[in-house]
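Report on the structure given below.
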């Protein structure tokens, strides 16, 4: 499994959030999550302009074996979605923390970031799951 | 308590992702389910199917017993080694299990039944066998490896004792024979499978299973998990017991009419119910669906037709076709424009004749 990037924040449910300039947050799923799901074959992206709420389903990823909701780490308005995933959902399997991002949200409440796990706390979640 | 096959440590050493399957700890994949699927369609893959139950039947009246037990007719089995796919029904015509029966001798047949139904199958078979004086003997000392794909037979034959190779090469489809593997291991080699590809299912004494597996791996047979097995059998249009049919479903409602032999004067269990159902009209039918739009058909999704709602039984992304296909049960009659409800969105699907894939290629009209 690849290293968990230190600049990311996480949900316990394996979504990551990367804070970017101008109050934007990029969202994806962790490398651990893609490995658990197996080969991804379809991603249902949110619509640009949609409002998402922290902890609620914002997108769906489907592997060969199952469909899984993606819970938004933060609330706000979706400003960009990764259209490339429509044709190449396997990008998430190949590069979950990079090219496999799912959407970008303009966050409405910065304080929500404090509720997320940092990389080392998330690593613990993953380790506990494996045992 | 989860059961383990004799190959459990081998799977784990290969880095398999393990899951519970009908009470067995089994590999779902060894990394990529899709790559394993393609390996079987394009070359050769192998599956540990040791969780399946092997039952030997012995007795002078064993054929008579099987004429009663099975909805398909063992009288189709003329030569030793021949195999037949059949359903075992209850008195209501519901499917207790689907199985393969091998004709091994006038007083000896072998059944291979599903793992998840093992206990109820054994109880039912034993109960029915008593009146015929047939001995029912489970063979837990066997492991089973399915080797499937266009190059599967050649790779297996290369591992057999030289004296056996020509004979196994000539083995017809749906037939089995004994052969010697490396180090003299005794193998039961059957030209059967659950993938829509050519290949063998090999029954091997458990103590030789790891050596057989490793020898197959050494000649380039790719380990494949139950995940790939499921997408392969779905593409091949083969039913999965417990998902596509069960005791509340008759063979007519599961597209298994071709396995029901209504031969003159044979009183098999469930026959009266099946004949009644057919005379009155079968109300539900099983159909194949293809989704041309993006998305994945899944078990449990609602199917909307002109005659009312149906349900997806087996549905998945089909790696060979790169789109989703499904088996669904819908009300009988002209269905009109069929749609599937995926998370509240109604998507149009095409009703097709299946199998979806055979011998590595999409079938016409898929």
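Protein chains in written order, with our numbering: chain R, 396 to 526; chain B, 326 to 691. Quick reminder that beta carbons are idealized off the backbone N, C-alpha and C, glycines included. No experiment lies behind these values; they were computed from the predicted model shown.
Since residue i meets chain R, which of its residues come closer than 9 Å, beta carbon to beta carbon?
i	result
residue 476(B)	Those do not exist, as residue 476(B) stays about 23 Å from chain R at its closest Cβ, beyond 9 Å.
residue 623(B)	457, 461, 462
Are the beta-carbon atoms belonging to residue i and residue j less than 7 Å from one another?
i	j	result
residue 399(R)	residue 479(R)	no
residue 575(B)	residue 474(B)	no
residue 638(B)	residue 346(B)	no
residue 458(R)	residue 432(R)	yes
residue 408(B)	residue 380(B)	no
residue 336(B)	residue 557(B)	no
residue 609(B)	residue 654(B)	yes
residue 405(R)	residue 508(R)	no
residue 342(B)	residue 359(B)	no
residue 414(R)	residue 420(R)	yes
residue 747(B)	residue 504(B)	Nothing about residue 747(B) can be read from this structure; chain B reaches only from 326 to 691.
residue 683(B)	residue 524(B)	no
residue 397(B)	residue 411(B)	yes
residue 366(B)	residue 645(B)	yes
residue 652(B)	residue 611(B)	yes
residue 613(B)	residue 414(B)	no
residue 402(B)	residue 538(B)	no
Let's see if you can read the secondary structure: which residues bound the beta strand (DSSP E) around residue i?
i	result
residue 579(B)	Run containing residue 579(B): none; DSSP gives neither H nor E here.
residue 473(B)	467-473
residue 378(B)	378-383
residue 463(R)	462-466
residue 473(R)	471-476
residue 666(B)	664-667
residue 600(B)	Looking at the DSSP string, residue 600(B) is not in any beta strand (DSSP E); the run it does join, the alpha helix (DSSP H), is 596-605.
residue 487(R)	First-last for residue 487(R): 486-489, but that is the alpha helix (DSSP H), not the beta strand (DSSP E).
residue 616(B)	609-616
residue 629(B)	627-630
Residue range of the alpha helix (DSSP H) that residue i falls in?
i	result
residue 451(B)	443-454
residue 360(B)	358-367
residue 552(B)	551-560
residue 743(B)	Residue 743(B) lies beyond the stretch modelled for chain B, which goes from 326 to 691, so this question has no answer here.
residue 494(B)	487-494
residue 538(B)	531-543
residue 335(B)	333-338
residue 481(B)	477-482
residue 451(R)	No alpha helix (DSSP H) contains residue 451(R), which DSSP labels as neither H nor E.
residue 390(B)	387-394
residue 428(R)	426-432
residue 503(R)	No alpha helix (DSSP H) holds residue 503(R); DSSP gives it neither H nor E.
How would you list, in chain order, the residues of chain R whose beta-carbon sits under 7 Å from the beta-carbon of residue i?
i	result
residue 641(B)	459
residue 354(B)	433
Under 7 Å Cβ-Cβ, which residues of chain B neighbour residue i?
i	result
residue 434(R)	357, 358, 359
residue 445(R)	Correct list: empty, because the minimum Cβ distance to chain B is about 15 Å.
For chain B, check one thing: does any of its Cβ atoms lie closer than 7 Å to the Cβ of residue i?
i	result
residue 437(R)	yes
List the residues that DSSP assigns as beta-bridge partners of residue i.
i	result
residue 427(B)	408(B), 435(B)
residue 504(B)	512(B)
residue 586(B)	Answer is none; residue 586(B) lacks a bridge partner.
residue 437(R)	457(R)
residue 566(B)	570(B)
residue 527(B)	470(B), 514(B)
Is any beta-carbon of chain R found at less than 7 Å from that of residue i?
i	result
residue 619(B)	yes
For residue i, which residues in chain B fall below 8 Å Cβ to Cβ?
i	result
residue 481(R)	619
Just the chain R side, please: which residues come within less than 8 Å of residue i by C-beta, in chain order?
i	result
residue 552(B)	433, 459, 460
residue 556(B)	459
residue 367(B)	Ordered by position in chain R, no residue passes the 8 Å Cβ test against residue 367(B), which lies about 16 Å from the chain.
Below 6 Å, is the gap between the Cβ of residue i and the nearest heavy atom of the ligand PLP?
i	result
residue 543(B)	The ligand PLP is not part of this structure, which contains no ligands at all.
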